Amino acid sequence: MRLRNILIVVKDIERSIRFYHDLFGLDIVLGNDGNIILTEGLVLQDEKIWCEFVDKDIVHKNNSIELYFEEKDIEAFVEKLEKLYPKVEYVNHLMTYSWGQKVV
Numbered sequence: 090m091r092l093r094n095i096l097i098v099v100k101d102i103e104r105s106i107r108f109y110h111d112l113f114g115l116d117i118v119l120g121n122d123g124n125i126i127l128t129e130g131l132v133l134q135d136e137k138i139w140c141e142f143v144d145k146d147i148v149h150k151n152n153s154i155e156l157y158f159e160e161k162d163i164e165a166f167v168e169k170l171e172k173l174y175p176k177v178e179y180v181n182h183l184m185t186y187s188w189g190q191k192v193v
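For the sequence shown, the positions run 90 to 193 when my numbering is used.
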């Protein structure tokens, strides 16, 4: 068995497609009624579909997942993020761990 994709549930699929394209260069591989597969294996699913499928409510903003991307110039990335999406809600702003890794 192999892990093929990571699926995240989103409120606004069109806005999410733009976000992941604008910031990470991900493009649509396949789109199918509220399920969008992007390059790099990220799948976006409309929250209505998810709720119907699992028959449970979603706990929004629970901060219990991380998508890990690597960027050589993280400061430039943060500038781009703030320019394109000034109202983005951060879990944490740009910071440096004690071992030197920078994250946002």
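Here a beta-carbon is modelled for each residue, glycine too, at the ideal position from N, C-alpha and C.
Just so it is clear, the structure is predicted and the values come from calculations on it, not from any experiment.
| Check | Outcome |
| --- | --- |
| How long is the line joining the alpha carbons of Phe108 and Lys169, rounded to whole angstroms? | 12 angstroms |
| Do you know how far the Cα of Asn151 is from the Cα of Val193? | 17 angstroms |
| Between Glu155, Asn181, Leu183 and Gly123, which lies nearest to Ile95 when the distance is taken from Cα to Cα? | Glu155 |
| Report yes if the CB atom of Asp116 is closer than 9 angstroms to the CB atom of Thr128, and no otherwise. | yes |
| With burial defined as no fewer than 16 other Cβ atoms inside 10 Å of the residue's Cβ, what is the status of Ser187: buried or exposed? | exposed |
| Cα separation between Trp139 and Ile125? | 13 angstroms |
| Quick check on this structure: which residue in Met90, Leu92 and Ile97 has the alpha carbon closest to the alpha carbon of His149? | Ile97 |
| Going by Cα to Cα distance, which pick from Ile147, Lys191 and Gln190 is closest to Lys137? | Ile147 |
| In angstroms with no decimal places, state the Cα-to-Cα distance between Leu133 and Asp101. | 10 angstroms |
| With DSSP as the reference, please indicate the residues paired to Asp135 in a beta bridge. | Val99 |
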